[in-house]
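One structure is given here, and the rest of the page talks about it.
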């Protein structure tokens with residue numbers, strides 16, 4: 004595996020473009036919009052590449068039969084020696100699924116609700132990632148912000164407050180800085196008595212596509228509040244010529260239900276590998 008310098012990331016662009024599903028997280032890295040890493044088998048003419056976004060999302064694409072690369076890939080995934088390790092891995096083409104199963108052997112487990120407790124010794128958990136497409140703008144008509152709540156665009160002050168009360172799906176994990184997000188991104192927050200209830204923001208923007216990220220503050224979870232900030236962001240997309248995108252892990256039932264309430268429909272399912280990084 005050869006790690007490219009940022010000015011060389013475009014060498015992986017043909018491999019990324021060959022991927023037929025949502026890969027915005029990889030595109031923002033190779034286009035030098037967001038920090039990450041790019042690894043290839045050949046610095047001049049790569050046939051396989053691993054692109055890692057700072058959040059930990061990773062795309063493995065290209066030739067699955069390069070044994071030297073695959074050996075180094077396995078070692079890297081198990082023992083990452085970089086600032087941004089690969090935590091969540093999507094692959095293309097489909098032959099990678101069988102190849103990774105062989106490479107990881109007994110250290111891979113398929114996520115199955117009937118086998119809870121059997122994943123503890125696994126290094127890699129295999130599941131699926133669902134990509135959604137937007138289909139029903141009429142769904143937004145029935146979403147009305149409750150009395151005593153307000154939805155407002157994320158500004159510098161709200162950006163700071165979001166990161167004080169939320170920790171996982173927050174802008175700083177997807178953008179290089181607050182200035183970067185405020186200049187090039189967009190997001191909305193649901194407020195109650197000046198408290199941040201939920202926030203929805205652009206995780207990635209590439210051309211006319213915008214992928215949504217959503218997180219609700221712990222004290223307000225499981226009450227359906229996430230739909231209000233998210234619907235504001237979907238409305239923004241539709242009013243400003245962006246195609247809204249949504250993706251989540253198969254087991255994230257709450258995210259799936261929210262997507263469908265907003266008007267998204269499942270579009271494709273893809274093998275998804277989650278590294279335990281122990």
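Numbering (my numbering), first residue to last: 4 to 281. Just so it is clear, CB atoms sit at the ideal spot from N, CA and C, and this is done for glycine as well. Only a predicted model underlies this, so the values are computations on that prediction, with no experimental measurement involved.
What residues are listed by DSSP as bridge partners for residue i?
| i | result |
| --- | --- |
| residue 251 | 133 |
| residue 186 | DSSP, once it has assigned bridges, lists no residue as partnering residue 186. |
| residue 94 | 63 |
| residue 275 | 93, 130 |
| residue 174 | Answer is none; residue 174 lacks a bridge partner. |
| residue 269 | 135 |
| residue 193 | 154, 201 |
Which two residues bound the contiguous alpha helix (DSSP H) that contains residue i?
| i | result |
| --- | --- |
| residue 46 | No alpha helix (DSSP H) holds residue 46; DSSP gives it neither H nor E. |
| residue 257 | 256 to 265 |
| residue 219 | Residue 219 -> not in any alpha helix (DSSP H); beta strand (DSSP E) instead, spanning 212 to 219. |
| residue 142 | Unbroken run through residue 142: none, as it is neither H nor E. |
Taking residue i as part of the beta strand (DSSP E), name the residues at either end of that continuous run.
| i | result |
| --- | --- |
| residue 62 | 60 to 65 |
| residue 206 | 198 to 209 |
| residue 152 | 152 to 156 |
On the three-state DSSP scale, how would you describe residue i?
| i | result |
| --- | --- |
| residue 21 | coil |
| residue 116 | Residue placement at residue 116 is poorly supported in this model, since its pLDDT is 49, which falls under 50; the coordinates are not used for a value here. |
| residue 7 | coil |
| residue 87 | coil |
| residue 54 | strand |
Could you compute how far the alpha carbon of residue i sits from the alpha carbon of residue j?
| i | j | result |
| --- | --- | --- |
| residue 120 | residue 114 | For residue 120, the predicted structure reports a pLDDT of 43, less than 50, and the residue's modelled location is therefore unreliable. A value from the coordinates is still provided. Spanning the two alpha carbons is a distance of roughly 10 Å. |
| residue 141 | residue 266 | 8 Å |
| residue 137 | residue 258 | 14 Å |
| residue 187 | residue 200 | 24 Å |
| residue 262 | residue 14 | 34 Å |
| residue 80 | residue 47 | 24 Å |
| residue 177 | residue 170 | 12 Å |
| residue 22 | residue 99 | 13 Å |
| residue 126 | residue 175 | 27 Å |
| residue 173 | residue 166 | 7 Å |
Kindly confirm or deny that the segment 213 to 232 and the segment 31 to 43 touch, where touching means at least three C-beta pairs closer than 8 Å. As far as the Cβ criterion goes, the segment 213 to 232 does not touch the segment 31 to 43, which means the pair count is below three.
Under 8 Å, with one C-beta from each stretch per pair, do the segment 217 to 237 and the segment 137 to 151 reach the 3-pair mark? Flag = yes, the segment 217 to 237 and the segment 137 to 151 touch.
Indicate whether the contact test is met: 3 or more Cβ pairs, each with one atom in the segment 29 to 39 and one in the segment 72 to 80, closer than 8 Å. Counting Cβ pairs under 8 Å, fewer than three are found: no touch.
Take every Cβ of the segment 198 to 209, pair it with every Cβ of the segment 79 to 99, and state whether three or more of those distances are shorter than 8 Å. At 8 Å Cβ cutoff, the stretches do not touch.
Counting Cβ pairs, one atom from each stretch, are 3 or more of them under 8 Å apart for the segment 64 to 71 and the segment 49 to 56? Between the segment 64 to 71 and the segment 49 to 56 there are three or more C-beta pairs closer than 8 Å, enough to call the two in contact.
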